[in-house]
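In full-length UniProt numbering, the protein residues as written are 1 to 96. Quick reminder that beta carbons are idealized off the backbone N, C-alpha and C, glycines included. The next block holds one structure in the form of C-alpha cells; read it before the comments.
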Amino acid sequence: MTAGLLLLFDLVLVTTLVGLAIAALISPDLRRAVMLFIAFGLWLALVWARLRAPDVALAEAAIGAGLGGALMLAAARRAARRASANGGIDAEGGEA
C-alpha cells in the first residue's frame, strides 16, 4: 500500500474511534452507551493491530470489549430491573 492510503486508513480509524467515544459518552440510553463502548473496544483493537501490537489488540478485544462489555451489560440490566422494582425511582430518590 502507498503511504497516502495508509494515512487515509489511519485517519478513518482515529475519526471513527473518537466518534464512538463521544457517542458512548453522550448517549442517554444506558444499553446503547454500553453497546457503543463495546464497539469502541473492538475498534481500539483494530488500532492496536494497525500499530503492530497484536498481543495488546487481542487483550483489548478479549478483556476490554468482551469481558468488560458483558459485565457492563449485566450491570445495566440489573440497574433497569432494580429501577422498575422501585417504581422508576433510583437509589438517590430521583427519577430513573
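Look at the beta carbons and you see the region 69-76 not touching the region 45-55: under three pairs across the two are nearer than 8 Å. Between Ala23 and Leu36 a beta carbon distance of about 5 Å is seen, short of the 8 Å cut, so the two are scored as contacting. Boundaries of the alpha helix (DSSP H) harbouring Leu44: Leu30 to Arg50, taken from the DSSP string. Going by DSSP, Ile26 is part of the alpha helix (DSSP H) stretching over Ala3 to Ile26. Within the same chain, Gly69, Met72, Leu73 and Ala76 come within 7 Å of Val34 by CB-CB distance, once the 5 residues on both sides are set aside. Bounds of the alpha helix (DSSP H) holding Gly68 are Gly68 to Ala85. Contact between Leu42 and Ala62 does not hold, since the beta-carbon distance rounds to 11 Å and is not under 8 Å. Where Ala59 is concerned, the enclosing alpha helix (DSSP H) starts and stops at Pro54 to Ala59.
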